[in-house]
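*Asks:* Residue numbers (our numbering): 20 to 421. Glycine is no exception: its CB is placed at the ideal position from the N, C-alpha and C atoms.
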Ligand SMILES: Cc1cc2nc3c(=O)[nH]c(=O)nc-3n(C[C@H](O)[C@H](O)[C@H](O)COP(=O)(O)OP(=O)(O)OC[C@H]3O[C@@H](n4cnc5c(N)ncnc54)[C@H](O)[C@@H]3O)c2cc1C
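1) Compute the minimum distance between the beta carbon of residue 220 and the heavy atoms of ligand 1, and state whether it is under 6 Å.
2) Is the distance from the Cβ of residue 81 to the Cβ of residue 72 below 7 Å?
3) Compute the Euclidean distance between the alpha carbons of residue 349 and residue 143, then round it to the nearest angstrom.
4) Whole angstroms is fine: what's the gap from residue 56's alpha carbon to residue 149's?
5) Compute the Euclidean distance between the alpha carbons of residue 266 and residue 179, then round it to the nearest angstrom.
6) Would you tell me roughly how many angstroms separate the C-alpha atoms of residue 28 and residue 237, rounded to the nearest one?
7) So, using beta-carbon positions, are residue 84 and residue 129 closer together than 7 Å?
8) Going by C-alpha to C-alpha distance, which of 48, 275 and 384 sits closest to residue 332?
9) Cα separation between residue 191 and residue 341?
10) With a cut-off of 8 Å, do at least 3 Cβ pairs link the stretch 93-113 to the stretch 219-233?
11) Let me know if residue 269 comes out buried or exposed under the rule of 16 or more other beta-carbons within 10 Å of its beta-carbon.
12) May I ask you to verify whether the stretch 104-121 touches the stretch 380-387, counting CB pairs closer than 8 Å and requiring at least 3?
13) Could you say which of 174, 153, 141 and 250 lies nearest to residue 25 if we only look at CA atoms?
14) Thinking residue 39 and residue 324 are a contact (beta carbons under 8 Å), I'd like their distance in whole angstroms, please.
15) What span of residues does the beta strand (DSSP E) with residue 365 cover, start to end?
16) Report the start-end ranges of each beta strand (DSSP E) in the stretch 219-281 that is 3 residues or longer and not cut off at the edges.
17) Based on DSSP bridge pairs, tell me the residues matched to residue 312.
18) Just the Cα atoms here: how many angstroms apart are residue 202 and residue 288?
19) With H, G and I counted as helix, E and B as strand and the rest as coil, what does DSSP make of residue 148?
20) Return the residue from the list 345, 315 and 312 that minimises the CA-CA distance to residue 292.
21) At what residues does the alpha helix (DSSP H) containing residue 74 begin and finish?
22) Residues in the same chain with beta-carbon distance under 7 Å from residue 135, minus the five sequence neighbours each way, listed in chain order, please.
23) To the nearest angstrom, how far is the alpha carbon of residue 224 from that of residue 245?
24) Inspect the CB distances between the stretch 273-281 and the stretch 256-265 and report whether three or more fall short of 8 Å.
25) Given that a residue counts as buried once 16 or more other Cβ atoms are within 10 Å of its Cβ, and exposed if not, what is residue 382?
26) Name the residue from 147, 131 and 187 whose alpha carbon lies nearest to the alpha carbon of residue 168.
27) Label residue 61 either buried or exposed according to how many other C-beta atoms from any shown protein chain fall within 10 Å of its C-beta, with 16 as the threshold for buried.
28) Ignoring anything shorter than 4 residues, give me the alpha helix (DSSP H) runs that lie fully in the stretch 181-206, in order along the chain.
29) Taking the alpha carbon of residue 157 as the point to measure from, which residue in 74, 359 and 299 has its own alpha carbon closest?
30) From the DSSP output, in three-state form, read off residue 175 for me.
31) Is the Cβ-Cβ distance between residue 402 and residue 68 less than 7 Å?
32) How about residue 317: is its Cβ closer than 6 Å to a heavy atom in ligand 1?
33) Using a threshold of 7 Å, state whether the C-beta atoms of residue 312 and residue 231 are closer than that.
34) Can you tell me whether residue 326 is helix, strand or coil according to DSSP?
35) Based on Cα-Cα distance, which residue from 46, 396, 53 and 283 lies nearest to residue 76?
36) In the DSSP assignment, the beta strand (DSSP E) including residue 89 goes from what residue to what residue?
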């Protein structure tokens, strides 16, 4: 058997998590074999927060992506329900925590095109444009057979192969999955009034309706509704759908005109029992799936990538060894469990007709709206886990000094 350090790291999946993992590993001096089809472009956008952008910048990728993106300076939550207990408007301003913006809203096409270019330009990434049809996880190596009959042996497979992750099943990692009675209608639209780089999330009885700024007088929309409503909305003609969106937004952005390209995503949540095992480490949606609320998914996926790169660098002799994988599992567990629980809880509280759930959500948002230290805590925690308390202590020190 070849020694572990002579084997490449196998990355499977060519969505944003897999492409980024391959680039970051190669920049860190690893030899990488990347397996996955050519990139699939869609019209979705992804809001990436400052820490994720700093990571892209450290890989020299941000300057090419940023011109296609819009900054998120303010985020508002509006209670758009007609329930008995309604919450006040809550506004989060990046300036409140001394930031110019929370992050950037990036068209997926721009993000994926830049990542694909970087992968293709790297001499340390061997990209096999194929899919893996068979896995074999052995104690010392992991083996993948491609649909073109090639075989790859690696010390570690970084599985970025999405929510159904065949690599995860091959590593005998069990998952718990929940399907929600919701689907997200996703599209971009133009509007007659400027957005002022404000994103507005209307909380409705079926889920959030989230408008996020794009460059110019354009925004992206993720509208979470019952699956049958998503189907009905997606089948409307452009002018009828534009009117429905304008009504839902109470015309805050003036006249709406939807752009071509509507997509519908059924919502679900998936959580694996472990984040690494049997020479497979999970990153991106292979490691966590939850509803698209609060722009958490790929931000969390990027933190997975950063941690697996760190663990691989710390274990040059055998990056897929049981101690290395236990360390990765331990690093990712608190962050993934906290984010998944937070997003799923918020989604359930929106769907729930129960008065205690509505009371708890209303009280939480009222406190957030009226207490600026609490708002600052959540804004910092939303950007980077663990920074909420540090920021609160530093704010307190500044106040004492004054
Ligand atoms: C409507 C919506 C809005 C969102 N908005 C945001 C947001 O604003 N901010 C944010 O941070 N996140 C957001 N997310 C989440 C984000 O989109 C996901 O976290 C991210 O796209 C997941 O990327 P991934 O690379 O893990 O998975 P995917 O993009 O699903 O990629 C999986 C890859 O694996 C490949 N693959 C699968 N099986 C095999 C195989 N056997 N062999 C080889 N390759 C294989 C596939 O071809 C694909 O390339 C949103 C999600 C949705 C649905």
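*Replies:* With the structure as the only source:
1) False, no ligand heavy atom lies under 6 Å from that Cβ.
2) Yes. Within cutoff.
3) When rounded, the distance between both Cα atoms is 29 Å.
4) Linking residue 56 to residue 149 through their CA atoms gives a straight-line distance of about 5 Å.
5) Here the C-alpha atom of residue 266 lies approximately 39 Å from the C-alpha atom of residue 179.
6) One Cα belongs to residue 28, the other to residue 237, and the distance between them is close to 41 Å.
7) Yes; because the gap between Cβ atoms is below 7 Å, this pair is in contact.
8) Checking every option, the nearest Cα to that of residue 332 belongs to 48.
9) Spanning the two alpha carbons is a distance of roughly 14 Å.
10) Because the criterion of three Cβ pairs below 8 Å is met, the stretch 93-113 and the stretch 219-233 touch.
11) That one is exposed.
12) With the cut-off at 8 Å, the stretch 104-121 and the stretch 380-387 touch.
13) Of 174, 153, 141 and 250, the residue nearest in Cα terms is 174.
14) That pair is a contact at about 5 Å.
15) Note, residue 365: premise wrong, no beta strand (DSSP E); alpha helix (DSSP H) at 341-370.
16) Counting only runs of 3 or more, we get 226-233, 237-244 and 275-277.
17) BP columns for residue 312 are empty, so no partner.
18) Each residue's Cα considered, the two are about 12 Å apart.
19) In this structure, residue 148 counts as coil in the three-state DSSP scheme.
20) Across the set 345, 315 and 312, the C-alpha of 345 shows the shortest separation from the C-alpha of residue 292.
21) Element bounds for residue 74: 69-77.
22) Here the set comprises 38 and 58.
23) Between residue 224 and residue 245, the alpha-carbon positions lie close to 10 Å from each other.
24) Contact between the stretch 273-281 and the stretch 256-265 is present, because at least three Cβ pairs lie under 8 Å.
25) Sixteen is the threshold: since fewer than 16 other Cβ atoms of the shown chains lie within 10 Å of the Cβ of residue 382, the residue is exposed.
26) Ranking 147, 131 and 187 by CA distance to the CA of residue 168 puts 147 first.
27) With fewer than 16 other Cβ atoms within 10 Å, it is exposed.
28) Counting only runs of 4 or more, we get 185-189.
29) Among 74, 359 and 299, the Cα nearest to that of residue 157 belongs to 299.
30) Of the three classes helix, strand and coil, the one that applies to residue 175 here is strand, per DSSP.
31) It is a contact, given that the beta carbons lie within the stated cut-off.
32) Indeed, a heavy atom of ligand 1 lies less than 6 Å from the Cβ.
33) At a Cβ-Cβ threshold of 7 Å, residue 312 and residue 231 do not count as neighbours.
34) In the structure shown, residue 326 sits in a helix (DSSP, three-state: H, G or I).
35) Of the listed residues, the one whose Cα sits closest to residue 76 is 46.
36) Residue 89 -> beta strand (DSSP E) spans 89-91.
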